[in-house]
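A short worksheet on the structure shown next.
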Amino acid sequence: MGVFGFSLALLLLLPGYGLAMYLFSGQDVIHGVQPNQGESLTASSFILLILVSAVFIGAFFAWVVSEPQVQAFTFDEYQQRLTLTITRRCRSPVQVHVPFSEIISIRPYVMTSSAHDGHFRVAYRGAKGKFFEHCVGDGTSLENIEFHGAWLRGMLGERMCELVDLDK
40 MGVFGFSLAL LLLLPGYGLA MYLFSGQDVI HGVQPNQGES LTASSFILLI LVSAVFIGAF
100 FAWVVSEPQV QAFTFDEYQQ RLTLTITRRC RSPVQVHVPF SEIISIRPYV MTSSAHDGHF
160 RVAYRGAKGK FFEHCVGDGT SLENIEFHGA WLRGMLGERM CELVDLDK
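For the sequence shown, this note's numbering assigns the number 40 to the initial residue and increments by one for each residue that follows.
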């Protein structure tokens with residue numbers, strides 16, 4: 040959502056900036072008055088300032104609506120549920136309880152074939168059937184990924200996928 044949010048903010052801001060430029064300098068040009076190049080609000084420094092502010096506002100918007108981060112997670116074998124503590128920027132943490140029956144897949148990943156650690160991607164169906172996917176356990180050693188993968192395969196069956204090497 041980060042790139043989409045940034046692009047959306049830019050698209051929403053640019054018409055307003057165009058209107059501001061018209062209001063400041065456009066009426067003189069329409070009436071035939073030639074503005075002095077040094078005093079013109081359409082000088083390159085003014086346009087640069089407008090574009091830089093649009094980029095900063097777009098970047099802030101993209102930062103606020105960026106992907107949520109999983110701070111903690113537990114698999115409860117007895118209650119048959121996954122508990123995630125999820126945080127979004129500028130918001131307080133939220134605990135999400137996912138029954139094992141709603142988990143679509145858990146995929147372990149390593150970034151390169153020579154990597155010594157990896158992470159899991161958990162995909163599940165939330166409220167009203169909405170699809171969610173989160174990265175959990177970033178920096179988990181390969182030994183722990185294999186151990187937890189076997190343990191989760193015992194509980195989830197084929198929904199626990201094999202290790203995926205992103206380098207291949």
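No residue lacks a Cβ here, since even glycine has one placed at the ideal position from N, Cα and C.
Since the structure is predicted, the reported quantities are computational estimates derived from the model, not experimental observations.
In terms of Cβ geometry, valine 135 and leucine 123 form a close pair [threshold 8 Å]. Looking at the backbone, the Cα of phenylalanine 159 and that of cysteine 174 are separated by about 6 Å.
Look at alanine 162 here: in three-state DSSP terms it is strand. Annotation: the continuous alpha helix (DSSP H) that includes histidine 187 extends over 181–195.
Rounded to whole angstroms, the gap between the alpha carbons of arginine 198 and serine 92 is 46 Å. DSSP places leucine 205 outside any beta strand (DSSP E), giving it a letter other than H or E. The beta-carbon separation of tyrosine 148 and valine 203, rounded to 5 Å, stays under the 8 Å limit for a contact. For glutamate 141, same chain residues with a beta-carbon under 7 Å away, outside a window of 5 residues either side, are Tyr163 and Arg164 in chain order. In the three-state DSSP reduction, arginine 146 falls in the strand class (E or B). Going by beta carbons, leucine 205 and valine 161 fall outside the 8 Å limit.
Counting only the Cα atoms, glutamate 172 lies some 29 Å from valine 94. Pairing isoleucine 145 with leucine 195 gives a Cβ-Cβ distance under 8 Å.
Judged by DSSP secondary structure, glutamine 118 falls outside any beta strand (DSSP E); it is assigned neither H nor E.
Scanning its chain for C-beta atoms nearer than 7 Å, with the 5 sequence neighbours on each side dropped, one finds around aspartate 156 the residues Gly178, Thr179, Ser180 and Leu181, in chain order.
Within the same chain, no residue comes within 7 Å of proline 54 by CB-CB distance, once the 5 residues on both sides are set aside. Here isoleucine 143 is exposed. Its C-beta has fewer than 16 other C-beta atoms within 10 Å. DSSP places alanine 111 within a strand segment (E or B) once states are collapsed to three. In this structure, proline 132 sits away from glutamine 119, with a CB-CB distance that is not shorter than 8 Å.
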